[in-house]
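**Student:** Have a look at the structure that comes next, please.
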Amino acid sequence: ALWFAASKTDQEAKGEETFIPAWDDPLLDPVRATRAWLDVLHPLDVHDGAFIRALTREGRLQSRITATERGDHVTGDAIND
């Protein structure tokens, strides 16, 4: 299960627990992908905040401001590609 402290649909920030089932195919398993991404973030000393983060080509975290200023953000077009 994932715990979301707040979201667009939770304007009062009450939080919500969402269950995501594991898939048999490890390449498509959202649970495995989530754990792998957290394994990347934790050594970078990221333990809270946004789940989706921008990385530099060298694998360092970009600050949210820098990523936004550079235009490195997810767009609807990018998601649909």
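Under the numbering used here, the final residue of the sequence shown carries the number 470; numbering is consecutive throughout. No residue lacks a Cβ here, since even glycine has one placed at the ideal position from N, Cα and C.
Contact defined as beta carbons within less than 8 angstroms: I believe Ala-394 pairs with Ala-402. What is the distance between those atoms, to the nearest angstrom?
**Tutor:** Yes, they are in contact, since the Cβ atoms of Ala-394 and Ala-402 sit about 6 angstroms apart, within 8 angstroms.
**Student:** Can you find the residues in the same chain that come closer than 6 angstroms, C-beta to C-beta, to Arg-421, ignoring five residues on each side of it along the sequence?
**Tutor:** Closer than 6 angstroms at the Cβ level, and outside the excluded window around Arg-421, lie Pro-415.
**Student:** Please report the residue range of the alpha helix (DSSP H) in which Thr-423 lies.
**Tutor:** Taken as a continuous stretch (DSSP letters only), the alpha helix (DSSP H) holding Thr-423 covers 419 to 430.
**Student:** Alpha carbon to alpha carbon, what distance is there between Trp-392 and Thr-398?
**Tutor:** Taking the straight line joining both Cα atoms gives about 14 angstroms.
**Student:** Going along the chain, which residues of its own chain have a beta-carbon closer than 6 angstroms to the beta-carbon of Pro-419, five neighbours each way excluded?
**Tutor:** The residues are Ile-409.
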